[in-house]
Amino acid sequence: MSWTLTALRPGDRGLVQSRYRILAASTPERLAADDPDLWDSGEVRSDRTSHVEYGGRALSARQRVYWKVRAWDREGRPSAWSAPATWSMGLLEPSDWNGALWIGDATPAPADHEPLPAPLLRKAFDRGGRGPVRRATVHVTALGLYELRINGRRVGDHVLSPEWTDYHRRIQYQAFEIAELIRDGENVVGLMLGDGWYAGKLGLAGIVPGGPPRGIYGRQPCALLRLEIEEADGTRLVVLSDGSWQSTLEGPVRAADLLDGETYDGRREIPGWDAPGDPGGEWKAVRVFDPPPGRLVAQPNEPIRVTRELRPVALTEPKPGVWVFDLGQNMAGWCRLTTSGPAGTTITLRHAEVLNPDGTVYTANLRGAAQTDRFILRGEGQETFEPRFTYHGFRYVEVTGLPSPPTRELLAGRVVHSAAREVGSFECSEPLLNRLWQNIVWTQRANLHSTPTDCPQRDERCGWMGDILAFGPTACFNMDMAAFFTKWLPDTRDAQAADGRFADFSPHAFDPNSRFSGAPGWGDAGVFVPWTAWQFYGDRRLLAEQYAAARRWVDFVRSKNPDLLWKNARGNDYGDWLNADTLRLEGWPTRGAEVPKEVFATMFFARSAQLVADMARVLGDAGGAEEYGRLAADIRAAFCAAYVGPDGRMHGDTQAGYAIALNFDLLPEAQRAAAARRMVERFEPYGGQISTGFHSTAPLMLELSGRGFNDEAYRLVLSRTMPSWGYAIDQGATTIWERWDGYVEGRGFQDPGMNSFSHYAIGAVGEWFYKVILGINPDPAGPGFERVIIRPRPGPGLSWARGSYDSIRGRVAVAWRRDAEGLALDIEVPPNVSATVHVPTANPEKLTESGAAPAESRGVRLLHSGGGEAVFSVGSGRYVFHAP
């Protein structure tokens, strides 16, 4: 249980929780009466406001709990009770499903792996004239995808459920409260099933020799359901998925695949199939499937939802009858189309990120993903089509087959992604950087579909570990990723090979013991990502659950490399992916940007060992902290002896290598300044431009600003010369490109075999936006934003910036402005949080806070000054510093 505190008086400073009390009850009435029949924590002396574990009576499956909390400040004054909150227990044991069976259509899967139409399953039941129900709950999941319907209405707003896991190990189920959908007399529950990740095409399947094109996990979708109605008199009616259900393949979804798209035939709609009465059509008994080996687990993360809608900003006809709609924004999702026409008219929608020079959609970079939807009209007035079991990455939609010329109102883009709450904001005086920040956020939206995917458009869309390792801090600043990572980190453990190798992507549909595992900088995400989550959210359980797997990973690397230089067992050995050596530019160096592979690998080996030691310290494993701390020190020593000269010059001599080594704290103090200078000197062969890849871009920007080269960092982020973020924006980019040179004027597109225009890895510069421009930094001494470091570093090209981060303890906000009178820094720190504030100033003696000398300001304590800044300790509240 977690809560945030709010200052009742805006001018209050230094608010701290000294105690809390939680009440938990079985009914809202008991809770309102302060009658906690489940748990009364008593007054607990603690400033803790997050991750407080329930400590009351044992709870049973499906039990609902109502709770509230109150807090006391440092003077012992109590708050009012919070508004009530609630949770429901899931199904805790397999027996709680009461014998529900896995069911699907009985038609055998085609031998040629062609998709079957989407099955419709239905079950009618009668509850008599019992009146309003007290409570009704349904628990449901599928191997494949499902849409649940009751009495003609869709249940919930989830899409693409139950989402992607390794179905041989874990299958997520969802729960819905459905009392308002239940009626007297006959009721009908219906399920429409799709192939999804389970039975459809999966990215990279074609790489595996002899592998099937579809159905990596299984050939046919099936579902599991338990519906319980609690009547007003306390009696219960339970409806289960079993052999009494009926099924048909005669429904309107004739084919649906996540990569290829969906075909919907309106002529085959079966009105009322999911409602009481005779559904008509050909129905037969369902097939009962053998239960899968995977464990059933409640879904811990926010579901995939439609989160917003985009309307076209332009409509063109590059060829007769070929209409191209521009949504103005690269996105992931699908389109809703409304039109009319003769029965049998087939309307085709092809989705693409960019256009060819002639204005048609460019699809070469989609590789084996068709991204094509088809809508066949039934011919009865206005008809609306919206897919259920696919999604696409696109900005442009080519529409053909229309019976008459369209207007922009024909369709809308439906943005679809894991609906993590957006918690970051940023704005500044430079429009280029505002657009870049928006591009980063849009790319994150496009690549969260229960896994952190590399791209949303081509035939890949996998949870690549290296990408999220680089992007993890930015992801956490932009969105609340706590629940998302709570789901995904078990995916990384499920995909771990027997010898300890983490996979290159998770979930892993293939055998991690034989392929796609063990790559430096990719497998290390199994260590880096939980540590990032710890810094942002302070949830010790995420570390505890990942700790053994992280140790096994480091132990694997150590076992293969006894000299502590990672030369052996590097898997696919991607290195600093898509660094500047891969650019195809006339006059551009073809060598010299990539960190040598063994140097890159050993740096990540050292950092992972140190993070495992840090995990052990947090978890109270003194032996582990000592063992892995010593190992990390030994790897650093071996690294420096092998790859770093006395002058700080590193093997490979690359921007990226210096940036990572400095960021990972691998170099002795005496060599760091020289390494930083050499890092900047290495801009010269590239015309002053950046030459980094996925893993080194954020470290480069952070180390430039942190080691005296802040102006260089600002120059890079404001550049419009290839390669740069600004160049892509000037070419019309609304998301982050996979490659620096995805498109170049005069040359055209890069290699279509690997050229996504929605790939967040080099968008990891977003971390620099928050930490440097705004200056919002997690304090390692207070994980979960118990403490925060506020250290903005204004640079050339910006006169003001403002933004915020909604931490688990409340909003941290920063705004600064520079003018002829100096620098004004306006910050807000939430209650129960302390901050170390670095105010840029060359004249600390002239600095003021809220118009007074800092020594006279309530709650402001000077720690030290010098080096171009004054550093203060403050508690919660708003503070306005001015440095002339």
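Residue numbers (numbering that gives the first Met the number 0): 0 to 883. Ideal Cβ placement from N, Cα and C applies to all residues, glycine included.
When the Cα atoms are used, what is the spatial distance from residue i to residue j?
| i | j | result |
| --- | --- | --- |
| F638 | G796 | 38 Å |
| A712 | L703 | 6 Å |
| D256 | R218 | 13 Å |
| D710 | G794 | 6 Å |
| Q437 | R444 | 11 Å |
| P292 | D46 | 43 Å |
| R648 | F768 | 29 Å |
| R73 | E52 | 23 Å |
| E785 | F527 | 21 Å |
| P93 | V137 | 15 Å |
| R267 | V132 | 35 Å |
| T32 | A79 | According to the sequence displayed, residue 32 carries Ala and not Thr. Computed Cα separation, rounded: 14 Å. |
| A24 | S1 | 17 Å |
| Y885 | T315 | Because the chain is modelled from 0 through 883, residue 885 falls outside the range shown and cannot be assessed. |
| Y197 | L203 | 14 Å |
| F391 | N300 | Sequence check: residue 391 is His here, not Phe. Distance between the alpha carbons of H391 and N300: 22 Å. |
| S59 | L90 | 9 Å |
| L190 | L120 | 5 Å |
| R335 | V617 | 49 Å |
| V187 | T485 | 35 Å |
| A502 | D125 | 49 Å |
| S17 | D778 | 21 Å |
| G525 | T491 | 6 Å |
| R76 | T26 | 28 Å |
| G850 | T48 | 33 Å |
For residue i, which of helix, strand or coil comes out of DSSP?
| i | result |
| --- | --- |
| C639 | helix |
| F388 | coil |
| M88 | coil |
| N477 | helix |
| T26 | coil |
| A760 | helix |
| M649 | strand |
| V296 | strand |
| A411 | strand |
| M330 | strand |
| S94 | helix |
| D39 | strand |
| Q62 | coil |
| I735 | coil |
| R12 | coil |
| I788 | strand |
| R152 | strand |
Nearest to residue i by CA position, among the options, is which residue?
| i | options | result |
| --- | --- | --- |
| H448 | T164, V15, P27 | T164 |
| V158 | P83, E176, V414 | V414 |
| E229 | H650, L147, E176 | E176 |
| D805 | W80, V828, G143, W576 | V828 |
| I181 | G202, E146, G193, G128 | G128 |
| K596 | G692, A60, S723, R681 | G692 |
| L541 | W487, V716, F663 | W487 |
| E379 | Q370, T344, F393 | T344 |
| C427 | S849, S798, D273 | S798 |
| G210 | A508, A592, E626 | A508 |
| R857 | G412, V611, G874 | G874 |
| T835 | A841, I788, A819, W815 | I788 |
| G752 | D633, A660, R253, E459 | E459 |
| R860 | Q730, S872, R810 | S872 |
With DSSP as the reference, identify every bridge partner of residue i, one or two as the case may be.
| i | result |
| --- | --- |
| G802 | F425, V813 |
| F880 | L824, E848 |
| L488 | Looking at the DSSP assignment, L488 forms no beta bridge with any residue, so it has no partner. |
| T136 | E176, E227 |
| D750 | Note: D750 sits in no beta bridge, so no partner. |
| E308 | R413 |
| F871 | V836, L861 |
| T383 | T337 |
| V895 | A question about residue 895 goes unanswered here, because the residues of the chain that appear run from 0 up to 883. |
TODO: Tell me the start and end of each unbroken beta strand (DSSP E) in the region 179-261 that is at least 3 residues and wholly inside, in chain order.
DONE: Runs of the beta strand (DSSP E) lying entirely within the region 179-261, each at least 3 residues long, are 185-193, 221-229, 235-239, 245-247, 252-256 in chain order.
Task: Inside the region 529-616 only - alpha helix (DSSP H) runs reaching at least 4 residues - done: Contiguous alpha helix (DSSP H) elements confined to the region 529-616 occur at 539-559, taking only those with 4 or more residues.
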